[in-house]
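Written below as structure tokens is the structure these notes are about.
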Amino acid sequence: MFGLRKENDLYIFEAVVHTEQLYLDLYDGSKKVRQIAFDPGKRIGDVWKLEVAEDISKYSYCYEADGHIFTDPNGTVFEGRKKFGFLKDGIRILKTPVAEAVAMTELSEEWLKDRPLEIPYDESVIYRLHVRGFTAHSSSGLNTDVRGTFQGIIEKIPYLTSLGITAVELMPPYEFNEVMLPDFGVQNPYKTELKPTGRINYWGFTKDALQLAPKSSFTSDHKNPRNEFRKMVYELHRNNIEVIVDLYFTYETLPDYITTVMRYWRINYHVDGIHMIGSAPYSVIARDPYLSRFKIWADSWEGQIIDGDRYGGAYRQNTPKYLADYNDGFQNDMRRVLKGDESMLGTLMNRIRFNPADRANIQYMANVSGMSLMDSISYDRKHNESNYEDNRDGTNQNFSWNCGEEGPSRKKSVKLLRKKMWRNAYLLLMLCQGTPLINSGDECGQTRLGNNNAYCQDNNLNWMNWHLMEKNQELYEFARYVISFRKKHKVFHQPTALKQLDYRSVGIPDLSFHGENAWRPEMDNYRRQLGVMYAGEYAQDETFMVLYNFHWEKHDFLLAHPPAGKKWAIAIDTASEDNNGIYPEGQELELSDNEWVVEPRSIVVLKAVKDKSYKPKRRRVRKQKTEDNKA
52 MFGLRKENDL YIFEAVVHTE QLYLDLYDGS KKVRQIAFDP GKRIGDVWKL EVAEDISKYS
112 YCYEADGHIF TDPNGTVFEG RKKFGFLKDG IRILKTPVAE AVAMTELSEE WLKDRPLEIP
172 YDESVIYRLH VRGFTAHSSS GLNTDVRGTF QGIIEKIPYL TSLGITAVEL MPPYEFNEVM
232 LPDFGVQNPY KTELKPTGRI NYWGFTKDAL QLAPKSSFTS DHKNPRNEFR KMVYELHRNN
292 IEVIVDLYFT YETLPDYITT VMRYWRINYH VDGIHMIGSA PYSVIARDPY LSRFKIWADS
352 WEGQIIDGDR YGGAYRQNTP KYLADYNDGF QNDMRRVLKG DESMLGTLMN RIRFNPADRA
412 NIQYMANVSG MSLMDSISYD RKHNESNYED NRDGTNQNFS WNCGEEGPSR KKSVKLLRKK
472 MWRNAYLLLM LCQGTPLINS GDECGQTRLG NNNAYCQDNN LNWMNWHLME KNQELYEFAR
532 YVISFRKKHK VFHQPTALKQ LDYRSVGIPD LSFHGENAWR PEMDNYRRQL GVMYAGEYAQ
592 DETFMVLYNF HWEKHDFLLA HPPAGKKWAI AIDTASEDNN GIYPEGQELE LSDNEWVVEP
652 RSIVVLKAVK DKSYKPKRRR VRKQKTEDNK A
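To convert, note that position 262 of the sequence shown is 313 in the numbering used here; the numbers rise steadily by one, no gaps.
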């Protein structure tokens with residue numbers, strides 16, 4: 052690996068730089084005290100190597116070439132950015148302290164025993180968060196020095212476990228320059244003075260990030276980012292929560308660098324997977340032996356046939372899934388379903404059962420780039436004015452609906468409809484076969500006031516507001532219950548695709564679709580209602596029927612018969628305001644017959660429960676005539 056390492060008494064520097072001469076600059080504090088030239092005779096291609104025999108442990112270093120001083124892109128620790136968003140730090144060149152870079156960290160016995168959890172995708176519920184935004188708000192209740200840090204995540208682990216989360220996806224936790232500088236490519240080419248624009252790149256998706264170093268401003272003491280990150284991973288693992296790290300690459304990023312970074316996070320920090328964002332060499336990554344049995348998420352693995360081998364050997368039949376598709380397809384389709392667009396029943400049926408054998412599908416109703424879940428049912432269009440780009444940034448395709456009034460509303464009818472639509476959206480997500488992902492704050496109805504591209508908002512638009520747990524308690528409790536409901540009932544998260552066949556001869560298919568009449572789904576373009584039955588015997592679970600009505604009128608469903616000795620009972624009804632429409636285990640509302648009227652824009656989950664009045668029919672056995680009888 053490039054960068055700095057120490058072997059015996061030698062300090063060895065290796066760097067990839069396209070230049071005719073490279074220098075090592077040594078600093079004592081902010082003062083440059085020495086410059087050492089790399090020997091061009093030892094250069095191989097663009098790879099430079101320098102060995103320093105004397106003790107330089109008290110210094111920090113940068114590189115210099117062609118009159119430009121720059122940070123070691125392969126550094127694993129830096130000094131100079133302790134406070135997030137501090138404008139003066141944005142124009143500083145980060146230096147690597149030699150002693151810290153080569154220090155052999157004393158790893159505890161517990162850490163050495165720590166291993167990735169390898170939780171199956173069908174058992175996973177993912178929570179995406181920004182390290183700073185998750186606990187930066189004063190409502191987090193944490194001490195000031197802990198807010199917005201890896202330690203802050205540790206202190207909120209009880210919250211994650213109570214919600215039912217099995218994995219956290221961290222937006223860039225590595226060193227990046229959040230202070231946005233002028234883009235000279237689109238401004239005056241003769242103006243080269245670096246002055247901060249005053250804007251913040253809050254998300255951290257930048258091509259000049261230092262991806263081998265946990266971010267110093269995300270630590271509580273700013274002294275040892277590597278140890279605090281390890282501590283966070285260890286504590287999350289101890290609570291059965293995986294850690295997935297976002298890594299952003301461009302088409303200019305060298306494939307060797309990409310695999311080096313991914314290996315580094317796996318080996319040194321025990322992360323459970325990587326979400327590759329941007330451009331990445333699928334074939335190289337899929338073949339890398341260090342990345343085998345490692346969760347790798349990409350926009351789409353579909354069709355990645357490499358040298359005749361699907362995914363370059365990353366997929367093996369009859370083994371756990373490790374690869375996953377991660378894109379807006381589910382979100383965009385299901386938002387259209389949710390608001391009642393025409394010709395969406397076929398799409399709904401496909402999304403309900405989509406569960407490829409060779410990879411997982413990460414699905415969500417809202418994510419960082421786009422409207423929040425609450426905003427998707429509160430705004431018809433984006434409102435990015437606070438980004439100061441004249442509302443031209445961000446996508447115009449939000450597939451949202453404001454429920455009758457744009458933005459915040461005082462109308463009781465609008466507020467009630469939005470709550471019901473929110474419950475519908477959450478239930479839709481949790482009842483589909485893919486792997487659900489929740490964006491931080493959506494579980495309690497957080498709004499970004501219609502901003503669908505809040506990349507530059509280091510404020511309450513992005514920070515998790517913990518007061519909403521009380522203000523929107525009914526939403527939060529519904530979210531918790533539905534996650535628990537999904538995890539408890541295997542029919543909604545099976546490891547393999549449902550076949551819509553009765554291949555075990557239990558009497559009904561594993562999955563079947565219905566319309567207002569049993570066994571007859573109506574697929575006309577104007578239809579907006581669907582019944583879905585799950586046979587419990589195919590998952591060692593109860594049998595369920597889910598009734599979807601996305602029409603603005605009520606619909607009467609004639610139900611398929613439940614298994615013998617059972618009757619249908621309501622487990623969840625999003626149209627009901629009583630107890631959030633939840634009928635807990637053992638308290639389901641039993642139906643008197645096989646018919647139910649589903650209210651407008653509602654979802655009803657029916658469970659087959661024991662019919663106490665059921666009496667099995669006795670079979671009559673005819674006596675055979677004997678020879679004596681005949682006589």
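No residue lacks a Cβ here, since even glycine has one placed at the ideal position from N, Cα and C.
Distance between residue j and residue i (C-alpha atoms, nearest Å)
{"i": "ASP272", "j": "ASP392", "result": "51 Å"}
{"i": "ARG166", "j": "TYR341", "result": "14 Å"}
{"i": "VAL656", "j": "GLY582", "result": "10 Å"}
{"i": "MET231", "j": "ASP629", "result": "49 Å"}
{"i": "GLY255", "j": "ASN513", "result": "13 Å"}
{"i": "SER563", "j": "ASN475", "result": "21 Å"}
{"i": "GLU639", "j": "ASP662", "result": "12 Å"}
{"i": "GLN580", "j": "TYR599", "result": "5 Å"}
{"i": "GLU229", "j": "LYS146", "result": "17 Å"}
{"i": "ALA569", "j": "LYS618", "result": "15 Å"}
{"i": "VAL182", "j": "GLU457", "result": "31 Å"}
{"i": "ARG652", "j": "LEU480", "result": "16 Å"}
{"i": "GLU646", "j": "SER460", "result": "36 Å"}
{"i": "ALA531", "j": "ASP123", "result": "Residue identity differs from the one stated: residue 531 is Arg in this sequence, not Ala. Roughly 45 Å between the two C-alpha positions."}
{"i": "GLU65", "j": "ILE95", "result": "11 Å"}
{"i": "LYS658", "j": "SER556", "result": "21 Å"}
{"i": "GLU293", "j": "ASP607", "result": "43 Å"}
{"i": "TYR527", "j": "LYS668", "result": "46 Å"}
Cross-strand partners of residue i (DSSP beta bridge)
{"i": "SER653", "result": "ASN600"}
{"i": "GLU102", "result": "ILE63"}
{"i": "LYS346", "result": "GLY324"}
{"i": "TYR527", "result": "For TYR527, which the question treats as bridged, DSSP gives no partner whatsoever."}
{"i": "GLU641", "result": "ALA620"}
{"i": "ASN568", "result": "ARG571"}
{"i": "GLU353", "result": "According to DSSP, which records beta bridges pairwise, GLU353 is partnered with nothing at all."}
{"i": "PRO306", "result": "Its beta-bridge partners do not exist; DSSP assigns none."}
{"i": "ASN490", "result": "ARG179"}
{"i": "ARG85", "result": "LEU77"}
{"i": "SER190", "result": "BP columns for SER190 are empty, so no partner."}
{"i": "ALA408", "result": "In DSSP, ALA408 forms no bridge with anything."}
Residue environment, residue i, which counts as buried when at least 16 other CB atoms sit within 10 Å
{"i": "ILE435", "result": "The sequence given here has Asn at residue 435, not Ile. Buried is the call here."}
{"i": "ALA264", "result": "buried"}
{"i": "GLN551", "result": "exposed"}
{"i": "ALA152", "result": "buried"}
{"i": "GLY359", "result": "A caution first: GLY359 carries a pLDDT of 47, below 50, which makes its placement in the model too unreliable to give a value."}
{"i": "ARG571", "result": "exposed"}
{"i": "GLU71", "result": "exposed"}
{"i": "TYR577", "result": "exposed"}
{"i": "ASP624", "result": "buried"}
{"i": "ASP259", "result": "exposed"}
{"i": "LYS471", "result": "buried"}
{"i": "LEU467", "result": "exposed"}
{"i": "ALA88", "result": "exposed"}
{"i": "GLN524", "result": "exposed"}
{"i": "GLU303", "result": "exposed"}
{"i": "TRP603", "result": "exposed"}
{"i": "LYS372", "result": "buried"}
{"i": "MET422", "result": "buried"}
{"i": "PRO91", "result": "exposed"}
Expected contact under 8 Å - CB spacing of residue i and residue j to nearest Å
{"i": "GLY54", "j": "GLY126", "result": "6 Å"}
{"i": "ARG281", "j": "TYR320", "result": "6 Å"}
{"i": "ALA626", "j": "GLU650", "result": "4 Å"}
{"i": "VAL419", "j": "MET222", "result": "7 Å"}
Terminal residues of the beta strand (DSSP E) in which residue i lies
{"i": "ARG56", "result": "54-58"}
{"i": "VAL197", "result": "First-last for VAL197: undefined, no H or E at that position."}
{"i": "ASN278", "result": "Premise fails: ASN278 lies in the alpha helix (DSSP H), 276-289, not in any beta strand (DSSP E)."}
{"i": "GLY582", "result": "580-585"}
Run of the alpha helix (DSSP H) containing residue i, from where it starts to where it stops
{"i": "GLY380", "result": "380-389"}
{"i": "LEU479", "result": "463-482"}
{"i": "THR212", "result": "208-214"}
{"i": "ARG402", "result": "396-404"}
{"i": "PHE336", "result": "A quick correction: the sequence has Ile, not Phe, at residue 336. Here the alpha helix (DSSP H) through ILE336 covers 333-338."}
{"i": "ARG13", "result": "Nothing can be reported for residue 13, as the shown portion of the chain is limited to 52 through 682."}
{"i": "VAL68", "result": "Run containing VAL68: none; DSSP gives neither H nor E here."}
{"i": "LEU158", "result": "Run containing LEU158: none; DSSP gives neither H nor E here."}
{"i": "VAL153", "result": "149-153"}
{"i": "LEU519", "result": "519-522"}
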